Amino acid sequence: MPRSTRSIILLVVTAVVLFLFSSSARVSFSGSGTAKEWTWTQPLQRPNDECLTREEWENVEIIEKHVHPPPVPSKVVTGDHEASIVSSQRPKPTTSPPKTFYEQLAELYPYSTEVKRYGDDTLGVFQKIWVVSLENRQDRKEHMKTLAHALGNLSFTYHPARDPFHNELDRKVVEDTINYVLYEREKAAYDTRSRPNGEQGRKKAFKFEWSEDAKIGTSLPLAESSLLDADFWLLPSSDPRKPRLPDTFKRLQLNPTGESVSSSSRPAPQIVYDDSEIWDSQEWNAMDPAKVGCWWSHYEILRKIAEESQDDGPHLILEDDVDFEFDIQKRLLTLFEHLPGWDVLFLGHCYSDGPKQAPIPGTPHLRRPSSAMCTHAYAITPPAARRLVRYLRSPLFAFSRPIDHIHNIPQLIPGFGKFSVEPPIVVQLPKGEMKSDVGTTEDETNRQWLVDSTVSRIRRVLGK
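Just so we're aligned, residue 160 is where the sequence shown starts under this note's numbering, counting upward by one.
(1) Taking DSSP as the reference, what is the three-state secondary structure of TYR277?
(2) Can you check whether the CB of VAL274 is closer than 9 Å to the CB of GLU123?
(3) Using the Cβ count rule (16 or more neighbours within 10 Å means buried), how would you classify PRO561?
(4) How many Å lie between ILE539 and SER435 at the Cα?
(5) Starting from HIS318 and walking both ways along the beta strand (DSSP E), at which residues does that stretch end?
(6) In chain order, what residues of the same chain have a beta carbon less than 7 Å from the beta carbon of ASP335, not counting five sequence neighbours either side?
(7) Taking PRO428 as the reference, give the member of PHE285, ALA445, THR522 and ASN326 with the closest Cα.
(8) With DSSP collapsed to three states, give me the class of PHE578.
(9) Taking the Cβ atom as the reference point for each residue, do SER396 and SER553 lie within a distance shorter than 9 Å?
(10) Which word fits LYS450, buried or exposed, when buried means at least 16 other C-beta atoms lie within 10 angstroms of its C-beta?
(11) Looking only at its chain, what residues have a beta carbon closer than 8 Å to the beta carbon of ARG299, apart from the 5 residues adjacent to it on each side?
(12) Could you give the DSSP three-state label for ARG616: helix, strand or coil?
(13) Can you tell me whether ALA348 sits near the ligand NAP, meaning its C-beta is under 8 Å from at least one heavy atom of the ligand?
(14) Could you tell me how far apart the beta carbons of ASP280 and GLY452 are, in whole angstroms, since I believe they sit closer than 8 Å?
(15) Which whole-angstrom value describes the C-beta separation of ILE476 and HIS457, a residue pair presumed to lie in contact below a C-beta threshold of 8 Å?
(16) Answer with buried or exposed for GLU220, where buried requires no fewer than 16 other C-beta atoms within 10 angstroms of its C-beta.
(17) Count the other CB atoms, across all protein chains shown, that sit within 10 Å of the CB of VAL610; report buried if there are 16 or more and exposed otherwise.
(18) Output yes or no for whether 9 Å exceeds the beta carbon distance between ARG545 and ALA465.
(19) Can you tell me whether ASP602 is buried or exposed? The criterion is at least 16 other CB atoms within 10 Å of its CB, across all chains shown.
(20) Taking THR482 as the reference, give the member of ARG606, PRO415 and VAL614 with the closest Cα.
(21) At the level of alpha carbons, what is the spacing between ASP433 and PRO256?
(22) Which runs of the beta strand (DSSP E) at least 3 residues long sit entirely within the region 470-551? Give them in chain order.
This is the structure we're talking about:
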């Protein structure tokens, strides 16, 4: 073979070998001392894609740590030598990084930030917003419609309040109910010669006991259209299921307008404190038709919540003479992030000792009051409504006091998670502006104020 041909072949072979040597593999050194063992690895490169020089091979492990995260080595035994073949697959993290101090503190109160479960038309946090409204008070209904429109077209479900003053059928049922209350107390009465005295001039008037249904204290769903105990009192007279009082029982009678108890009949039952304590011979402290009608109206809504709720999300119950903070939805979303397990939440209230209680961790505006009254704005969960229905229809408890007193007797209804918003974010308008159909006080000595009243904004825009 001519020398020129051999030279050409040698050059080609040399080029091929150099090409394969530089692009497919690179030699690194391992071992100890001056004796080096050859190990094939993937080619190492700088960040600018330049291959390492032979002089840099001695420090290849240090350079590799600088260029790439450490790979996972796999062991392969070849003859008398143990070679480390570097895997091209990078390791996946197997442990979570340590929690920060903030994350450790946050775990103390694991609040949920996903509180907006419903639409803006129910303020984001309620299944439904109920409004108790008398049919003859169209001025109040118009007020609530304006309020709903001002707050972004809220969706209100109006429930007709029971009206013994203008509705003859309601008046008859209220009269019957008052008589059932009197009759149940007479059946359970103490011997008048040995009545145990109560505190502050009150005394036990009758032996109190819960019905069997109420003793269970369960939040399980009610049987569909199930009626028990005092539920039968509220049936119309034409319903054969309605109980009949004995002919010997002296009935109370209301006058035709229902505005007062007839002087020719017996007095109305007195309001009960605790279980069966009453003031002796205090007619001003009686369960008059207005209070009975108010109890009946709220009880009907609670039954609907207990029976018809799609899930256990809360409902809001309002009366038709209220005013809202203009940013009420924003406030609610913030409050609900910090609200622990609860049953009843007073957005508005009166005579509450909430300001004296310690705030809930996370917000200064949530408290656990031992006493909170008024029913113009409160939220309730369906499980709590189911429990309350069972208590409220117990014969010796039904219609025994104003409906807003029921939340102030924890010894009778234990285990209720009751909270209040401080200061209130829903208030009643002054009675001078919107006359009450239940109360009689017209002064503003107990008036509550809002930071940013929706009604005040409406009036400014409308020029009123």
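Don't be surprised by glycine CBs; every beta carbon is placed ideally from N, CA and C.
What you are looking at is a predicted structure, and each value in this text was computed from that prediction instead of being measured.
Taking the definition as stated:
(1) coil
(2) Nothing about residue 123 can be read from this structure; the chain reaches only from 160 to 623.
(3) buried
(4) 26 Å
(5) 315-319
(6) TRP392
(7) ALA445
(8) strand
(9) no
(10) buried
(11) SER292, LEU293, ASP479, ASP480 and MET593
(12) helix
(13) No copy of the ligand NAP occurs in the structure displayed, which carries no ligand at all.
(14) No, ASP280 and GLY452 are not in contact; Cβ-Cβ is about 29 Å, not under 8 Å.
(15) 7 Å
(16) Residue placement at GLU220 is flagged as unreliable, the pLDDT there being 48, under the threshold of 50; the coordinate-derived value follows with that caveat. Label assigned to GLU220: exposed.
(17) exposed
(18) yes
(19) With a pLDDT of 48 at ASP602, under the threshold of 50, the modelled position of this residue cannot be trusted; read the value that follows with caution. Its Cβ having fewer than 16 others within 10 Å, ASP602 is exposed.
(20) The sequence as given places Asp at residue 482; Thr does not occur at that position. Closest by alpha carbon: VAL614.
(21) 56 Å
(22) 474-478, 481-483, 503-505 and 536-539
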